[in-house]
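Undergrad: Okay, here's the structure, questions in a sec.
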Amino acid sequence: MTTSPATPPSYADTPTLLVKIFGKDRPGITAGLFDTLAAFTVEVVDIEQLVTRGRITLCALVTAPGSGGTASGNGDGNCQGPAGEGELRATVHSWAESMGLEAEIISGVGDNRPRGTGRSHVTVLGQPLTASSTAAIAASITATGGNIDRIFRLAKYPVTAVEFDVSGTGTQTLRTSLALEAAKHGVDIAVVASGLQRRAQRLVVMDVDSTLIQDEVIELFAAYANCEEEVAEVTARAMRGELDFEQSLHARVALLEGLDASVVDKVRKDVRLTPGARTLVRTLKRLGYQVGVVSGGFTQITDALKVELGLDFAAANTLEVADGKLTGRVTGDIVDREGKTRLLRRFASEAGVPLLQTVAIGDGANDLGMLNAAGLGVAFNAKPVVREAAHTAVNVPFLDTVLYLLGVTREEVEAADGSAGSDDHDTDGERLLDAPAS
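Letter by letter, the sequence shown follows residues 20 to 457 in the working numbering.
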């Protein structure tokens, strides 16, 4: 076993060859190419391989025969200098022809050019993703001074998701520029900084109403109390700035006074999970994340969600019940904007996770505090003011698309489900039928 060098190898002045192989994919191509190259004194500097619709593109950057590389004398062959390079070219082309493949070999000096500073991941979600929108996105990246180093597909459904790895420009600069293209072309574009932070996130905290679930829980209760219009009016006053969240919460809950407590079970069954909710939580748990919810709604619902989905944390307001009836009041501390931020910090502390390694997901103004406090704040089908303030935004109706922002591919999700024998698939409008009564 060789000892690791004290400094990374440098190929700055070393003659190198870029060997490119194209053609119909089959088992053994990669092994065959490198077995062919093994007859020459070369070192492998870089490798990239891609298979698209059964066609392989294999690129290998190697030191030229006899160049010495970074460790002279470690090759298996005796071909040196230009003559050795010529023989390598002939041998590789002969092997490729025997395999029904095409080969191209390009001479040069050194390794790949260094990637620029300011690295970002640009995730694009489209239904569909068109050539015109892709062209506009690429042009916008170029206009910011960025360079696209790599592109690959994350998912083909329920949306087409593609990731661009970009260097040479700032993350915020990219966000600003690409936001215009997203609006113009009807696609979602999320930009997150590259680096270890993206891989280190270990706690996800979500809002509930219109995020984890499709509903607004207070409206479900109002339907049983026959006070939908009154609740809607209070909500409108809050939207106009006439009431703050706590005032509007108390006003709306007061309208539920006298409602039989058995309605809680009915509302639990009316709750519809957002498509992709189960997949998101299930996949995060497999990856070792802790997952929690914070809600301006009610513990009577969030506790059921915690059990049903296997969440680690849940917090919300609590409807007061006396003599089998709702009193029209809530008990305990109010979970508002500041409360959600405080709970994110508390959950992170209890989980032993720094705030930088947390992800918060929400849709409303009450979520802005925790979206900004988290390492990554995701606005999910949010109001414009929230989208503009959050680190990134998703505007498709599938909650599991958040996984793509973390670099998780659809193929990986399905492979994990297959290995586990899981048949727990998300269904549009799925109701929380199995939620136990508290």
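Just so you know, even glycine gets a beta-carbon here, dropped at the ideal spot from N, CA and C.
Quick caveat: nothing in here was measured; it's all calculated off a predicted structure.
#1: My output table needs one value for residue 417: the three-state DSSP class, helix, strand or coil.
#2: Which same chain residues end up closer than 6 Å to residue 429 when comparing Cβ atoms and leaving out the 5 residues on each side of it in sequence?
#3: Within 10 Å of its beta-carbon, does residue 274 have 16 or more other beta-carbons around it, so buried, or fewer, so exposed?
#4: Entirely within the stretch 200-249 and at least 3 residues each: give me those beta strand (DSSP E) ranges in chain order.
#5: Please classify residue 266 as buried or exposed, where buried requires at least 16 other C-beta atoms within 10 Å of its C-beta.
#6: Taking the alpha-carbon of residue 332 as reference, which of 319, 353, 370, 301 has the nearest alpha-carbon?
#7: Name the two residues that bound the continuous alpha helix (DSSP H) containing residue 269.
#8: Please list the terminal residues of the continuous beta strand (DSSP E) segment that includes residue 51.
#9: Should residue 417 be labelled buried (16 or more other beta-carbon atoms within 10 Å of its own) or exposed?
#10: Can you tell me whether DSSP reads residue 355 as helix, strand or coil?
#11: Taking the CB atoms as reference points, tell me whether residue 424 and residue 397 lie closer together than 8 Å.
#12: Do residue 387 and residue 408 count as a contact pair if the criterion is CB distance below 8 Å?
#13: Thinking residue 211 and residue 411 are a contact (beta carbons under 8 Å), I'd like their distance in whole angstroms, please.
#14: Using the C-alpha atoms, what's the distance from residue 71 back to residue 154?
#15: Using C-beta distances below 6 Å, list every residue in its chain close to residue 303, excluding the 5 sequence neighbours before and after it, in chain order.
#16: Under a Cβ-count criterion, where at least 16 other Cβ atoms within 10 Å of its own Cβ denotes burial, should residue 328 be classed as buried or exposed?
#17: Could you tell me which of 231, 257, 259, 152 sits nearest to residue 320, measuring between CA atoms?
#18: Measuring straight from C-alpha to C-alpha, what distance separates residue 125 and residue 225?
#19: Taking Cβ to Cβ, would you say residue 184 is nearer than 8 Å to residue 130?
#20: Per DSSP, residue 171 is paired with what?
#21: So who's on the other strand from residue 65, going by DSSP bridges?
#22: Consult DSSP for residue 309 and reduce its assignment to one of helix, strand or coil.
#23: Taking only the alpha-carbon atoms, compute the straight-line gap between residue 163 and residue 141 and give it to the nearest angstrom.
#24: Quick one: residues in its chain with C-beta nearer than 6 Å to the C-beta of residue 439, no 5 flanking neighbours on either side, listed in chain order?
TA: With the structure as the only source:
#1: If DSSP states are grouped into helix, strand and coil, residue 417 belongs with coil.
#2: Non-local C-beta neighbours of residue 429 in its own chain, meaning closer than 6 Å and more than five positions away in sequence, comprise 174, ordered along the chain.
#3: Buried is the label assigned to residue 274, since at least 16 other Cβ atoms lie within 10 Å of its Cβ.
#4: Counting only unbroken stretches of 3 or more residues, the beta strand (DSSP E) elements lying wholly within the stretch 200-249 are 207-212, 222-225, in sequence order.
#5: Label assigned to residue 266: exposed.
#6: Comparing alpha-carbon positions, the option among 319, 353, 370, 301 lying closest to residue 332 turns out to be 370.
#7: Unbroken alpha helix (DSSP H) run through residue 269: 264-273.
#8: Boundaries for residue 51: no beta strand (DSSP E) harbours it, while the alpha helix (DSSP H) harbouring it runs 48-56, taken from the DSSP string.
#9: Classification for residue 417: buried.
#10: Of the three classes helix, strand and coil, the one that applies to residue 355 here is coil, per DSSP.
#11: In this structure, residue 397 lies closer than 8 Å to residue 424 by Cβ.
#12: A contact, by the Cβ cut-off of 8 Å.
#13: Contact between residue 211 and residue 411 holds, with the beta-carbon distance rounding to 6 Å and staying under 8 Å.
#14: Distance between the alpha carbons of residue 154 and residue 71 is about 20 Å.
#15: The answer, listed in chain order, is 223, 310.
#16: Classification for residue 328: buried.
#17: The candidate whose alpha carbon is nearest that of residue 320 is 231.
#18: Each residue's alpha carbon lies about 51 Å from the other.
#19: For the pair residue 184 and residue 130, the CB atoms are not nearer than the 8 Å cut-off.
#20: Residue 171 is bridged to 182.
#21: Residue pairing by DSSP places residue 65 opposite 80 in a beta bridge.
#22: DSSP places residue 309 in strand when its eight states are reduced to three.
#23: Whole-angstrom Cα-Cα distance: 13 Å.
#24: Short of 6 Å from the beta carbon of residue 439, and not among the five residues preceding or following it, lies no beta carbon of its own chain.
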